[in-house]
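In the working numbering, the protein residues as written are 450 to 1143.
A quick write-up on the structure given underneath.
Set out below in structure tokens:
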């Protein structure tokens, strides 16, 4: 839940139905939202003052507050909030006027795809602006700390721009015999090198500028202000000072044993099994490459490499033998790449390559070369010859690359694409082509789901719902898992969206209900007072044949219906209100319970209860984040709980993860809790528990 980005927004519409429609459109598009409604300008200003917001959707027909009043209020409070106008028809004159009134764009309620695209664009832009402000603040703080560290360092450090000193720390001044920074500022760095080493020094600087230098260290004779000389090993690196690019030169304190220092430095970068660089060093170099690309340097490339059939190899030669094969692959990679790039063992069976300042054709040529070399290599494992191939994913680092994780993730995805195409090949990340491949994977997943239904490869797990007030009866939420054809467990996040998209979710819902009722029947016959909560999809809510089927299943299993609670999310119920109302009333007639999960994140959640008969309200997990320290969250939870109890509803807090939150929820009067914090009790060892919500 914490990984899901919460979109905090205000929706300004004269019609509550129109406001709910916009909220539903956003949820259906995959946004996790916390919407707020305002009725006038005063309430808007109170909301702006008291709550953090990301987005405001404002109807152009709204009189109070008008679009212009919204923009003025945003400006008055100096807020950076995406303001988007909404109209029935987004014609050009209306759009032009809306943008004059301060909106970033105008969207039509009748064009949901355009609405999603505009919101996604503006939220991305908002995140970029916020990230920039955070970065600028971090840079200022980093510069302050760097100056403090530089001034206190025992190593001599200077910064040089266009061959001239722009900064030198105390150790550098002392080493060269100067007393004040002004004594060296503007002085050529060449003046710090003895005359006999001038030629070597100039050549090194030229090679460094042209990326031809084999290292970033140079040993020269340093020249003191009094004319004396000393041996100096200068380390060069790219840097910036006051936003200007420059070169950092460090002369280490010679008191440290140089050979020992080199050995320790090398070992800190090395993967012990393969001798390649390790993951940590690779990420440091990747961060540096992204920074250089942002400054306008030539593009670089990331390779993500995995053996195609390593599982079979491990089964054939064992773990120790498989390690020998990995070492051989590492040697092949180093032989093909050499010192022209950073080659690392990134994970158990994954290797990465960072190739700096290379054109696309050279990147592809190297990938082809690596594929061929791995294919032609035979590893000798205790007299057994082992052959393998590899799949390589490629991604480029350019000026628009925002973080080191971005090209790495792209290369990882591209490697998967190469493997899906048969392996022994490379694939360059392409958003459009990979999207098409993703659609093909969806088709494959749909086949796997149908096959799992046919061959009974689904299973149930049970998450406890615990009473905060001493009740001894058992309550569990039923969760479903799937196994693939190799018996490997597949999480709901992988197969549920595909099942919904391909019309398979109702079959899964029925399988879950049928299996859960059988388990519940056995459980209650064994003397346990157990109640199960069963999730339902939107498609099942609209399935008119489901209620009669449930009635027959209850009779077949000889169950009292009040020990079964069906649940649906608030967003699904809002989007399918008519079907949900009919189903909830039918469940009520069967004397089963009905629960709304993720409750409280709608425009007017309690208004919904006037239309739907509900027994349980599961308070949305977003309210649990930092609950113990966030007084605003605590007030929201207490308000929801008190309102629910006044309406005769039982409350359950979702996604509870720590003891501090538990104490707050007890004080708020919440009836039950559910989440990672709970452990399965010993009394139900015949149940297979899962400590996650899905």
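All residues carry an ideal CB built from backbone N, CA and C; glycine is no exception.
Looking only at its chain, what residues have a beta carbon closer than 7 angstroms to the beta carbon of residue i, apart from the 5 residues adjacent to it on each side?
i: residue 709; result: Bear in mind that the predicted position of residue 709 carries a pLDDT of just 48, short of 50, making it unreliable; the figure below should be weighed with that in mind. Once the five neighbours on either side are set aside, residue 709 has no close Cβ partner at all.
i: residue 936; result: none
i: residue 614; result: 607, 633, 634, 635, 636 and 638
i: residue 906; result: 931 and 932
i: residue 731; result: 791, 793, 795, 801 and 803
i: residue 859; result: 844 and 878
i: residue 496; result: 459, 485 and 487
i: residue 964; result: 909
Within a Cβ cutoff of 6 angstroms, which residues of the same chain sit near residue i, ignoring the five residues on either side of it in sequence?
i: residue 605; result: 620, 621, 624 and 700
i: residue 456; result: 480, 482 and 503
i: residue 1003; result: 1010
i: residue 1046; result: 1016, 1018 and 1067
i: residue 988; result: 954 and 955
i: residue 1021; result: 987
Do residue i and residue j have their C-beta atoms within less than 9 angstroms of each other?
i: residue 1123; j: residue 962; result: no
i: residue 776; j: residue 723; result: yes
i: residue 830; j: residue 773; result: yes
i: residue 1098; j: residue 1058; result: yes
i: residue 991; j: residue 1028; result: yes
i: residue 742; j: residue 848; result: yes
i: residue 1062; j: residue 1034; result: yes
i: residue 819; j: residue 785; result: yes
i: residue 517; j: residue 486; result: no
i: residue 1152; j: residue 856; result: The displayed coordinates of the chain run from 450 to 1143. Any statement about residue 1152 would go beyond what the structure contains.
i: residue 533; j: residue 553; result: yes
i: residue 951; j: residue 895; result: yes
i: residue 685; j: residue 672; result: no
i: residue 1112; j: residue 1077; result: yes
i: residue 670; j: residue 643; result: yes
i: residue 465; j: residue 892; result: no
Please state whether DSSP places residue i in a helix, a strand or coil.
i: residue 641; result: helix
i: residue 548; result: helix
i: residue 931; result: strand
i: residue 1119; result: coil
i: residue 732; result: helix
i: residue 951; result: coil
i: residue 486; result: strand
i: residue 842; result: strand
i: residue 790; result: coil
i: residue 818; result: helix
i: residue 849; result: coil
i: residue 756; result: strand
i: residue 830; result: strand
i: residue 1137; result: Confidence at residue 1137 is low in this model, with a pLDDT of 44, below 50, so the placement of that residue should be treated as unreliable; the coordinate-derived value is given next. Residue 1137: coil per DSSP, three-state reduction.
i: residue 553; result: coil
i: residue 543; result: helix
i: residue 572; result: helix
i: residue 683; result: strand
i: residue 896; result: helix
i: residue 723; result: coil
i: residue 671; result: strand
i: residue 737; result: helix
i: residue 889; result: helix
i: residue 1101; result: strand
i: residue 505; result: strand
i: residue 967; result: helix
i: residue 521; result: helix
i: residue 1091; result: helix
i: residue 772; result: helix
For my contact list, residue i and residue j are in at a C-beta cut-off of 8 angstroms; report their separation, rounded to the angstrom.
i: residue 759; j: residue 798; result: 5 angstroms
i: residue 944; j: residue 1044; result: Contact doesn't hold; Cβ gap of about 23 angstroms is too wide.
i: residue 1073; j: residue 1110; result: 6 angstroms
i: residue 1014; j: residue 1042; result: 4 angstroms
i: residue 508; j: residue 463; result: 6 angstroms
i: residue 1119; j: residue 809; result: 57 angstroms between Cβ atoms; not a contact.
i: residue 1026; j: residue 1060; result: 6 angstroms
i: residue 920; j: residue 977; result: Going by Cβ atoms, the distance from residue 920 to residue 977 rounds to 14 angstroms, so no, they are not a contact pair.
Ordered along the chain, which non-local residues of its own chain (more than five positions away) have a Cβ less than 8 angstroms from that of residue i?
i: residue 1228; result: Because the chain spans 450 through 1143 in this model, residue 1228 falls outside it and cannot be assessed.
i: residue 557; result: 535, 536, 537, 538, 539, 563 and 564
i: residue 868; result: 755, 757 and 840
i: residue 555; result: 509, 533, 534, 535, 536, 539, 543, 544, 547 and 548
Let me see if you follow: with CB-CB separation under 9 angstroms, is residue i close to chain B or not?
i: residue 578; result: Of the protein chains in this structure there is only one, and it is not chain B.
Contained alpha helix (DSSP H) runs [length at least 4] in the segment 598-628, N- to C-terminal order: Fully enclosed alpha helix (DSSP H) runs of 4 or longer: 619-625.
Residue ranges of each beta strand (DSSP E) within the segment 999-1086, 3 or longer: Counting only runs of 3 or more, we get 1013-1018, 1042-1048 and 1065-1068.
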